[in-house]
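Below is one structure, written out as structure tokens, with a few remarks after it.
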């Protein structure tokens, strides 16, 4: 799934289309569906402060999981842990002069709803790729990267160190 300005569910049996999160224009949502298909996590990027919310796809009950500090302009690039008990996401801050963007990686415990910053003040805009018990992989496919497009970054969870993998080469 990609980010968008609304989310619908289409019931194949009835042919009915149901709006899950309402359309917002201008603006967009960052969202992901849980690996088991039971939850939709989303953040409305036009809200201040921006919030991470969960929508139970069985009951349609909505819950706020995280409210960002007012300095964060958006949150997204969500990734589920293998046991679905944690969530990683990237948050962006913009400097007062609006010339620079910095990114932080958060880890949210979905049971306690405690969030902590693992990495902060990145200039690379990373997007979640995959997660195993020991590491989280991110991809950088944005033009401002000093590494080639689609560079892969690894976050070692035990050391909490983020580094590009050796396969990423500097742009010529």
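Residue numbers (the numbering used here): 177 to 348. Think of the CB as a built atom: it goes at the ideal place given N, C-alpha and C, for glycine as much as any other residue.
- No Cβ-Cβ contact shorter than 7 Å links residue 315 with residue 301.
- Here the C-alpha atom of residue 246 lies approximately 32 Å from the C-alpha atom of residue 212.
- Just so you know, the alpha carbons of residue 185 and residue 229 end up roughly 17 Å apart.
- Membership of residue 243 in the beta strand (DSSP E) is indicated by the continuous run 238-243.
- Proximity of the segment 257-269 to the segment 282-290 meets the contact definition, three or more beta-carbon pairs being nearer than 8 Å.
- For the options 198, 299, 214, the alpha carbon positioned closest to that of residue 271 is the one of 299.
- Residue 199 and residue 305 have their alpha carbons spaced roughly 27 Å apart.
- Restricting attention to 292, 332, 295, the CA atom closest to the CA of residue 308 is found in 332.
- By the Cβ neighbour-count rule, residue 336 is exposed, with fewer than 16 other Cβ atoms within 10 Å of its own.
- Closest option to residue 237, judged by alpha-carbon separation, among 207, 215, 243, 281: 215.
- Straight through space, the alpha carbons of residue 294 and residue 209 are spaced by roughly 23 Å.
- Boundaries cannot be given for residue 260, as no beta strand (DSSP E) includes it and DSSP labels it neither H nor E.
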